Amino acid sequence: MSVKSSISLTEQQDAFARSLVDTGRYSSLSSVLQQGLELLRQKTEAEAAETEALRTLIGRRLDGPRVSAADMANHVEDMIERKRRALRVES
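Going by numbering that gives the first Met the number 0, the sequence shown opens with residue 0, and the numbers climb by one from there.
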């Protein structure tokens, strides 16, 4: 189903859209605008999904086990020491 709508474009937007039609890339100005709106819809949905995934991850991290600063420092030192040994770098 199509809905007629009146829109305003800047001169640059109009020129760009018309150039896409003139070069045969799209059959009409409506097609250009429909494609643009579809891309914007997809981008908006993808951003919403990414935001929700990040919220979920942050929530899991906040609810998960905590590591003390001392334990983390020891863990980092152990990782550095393992790397030094693997690369045969002296401390």
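We put the CB at the ideal spot given by N, CA and C, even for glycine. On a predicted model such as this, the values are computed, not experimentally measured, just so you know.
For residue i, the three-state DSSP class (helix, strand or coil)
i, result
"E89", "coil"
"G63", "coil"
"K82", "helix"
"T43", "helix"
"L8", "coil"
"R24", "coil"
"V2", "coil"
Supposed close pair residue i, residue j - CB separation, criterion 8 Å
i, j, result
"V31", "A16", "4 Å"
Cβ shell of residue i (< 6 Å), same chain only, five flanking positions each side left out
i, result
"Y25", "L19 and V31"
Hey, is the region 35 to 45 in contact with the region 65 to 73, meaning 3+ C-beta pairs nearer than 8 Å?
no
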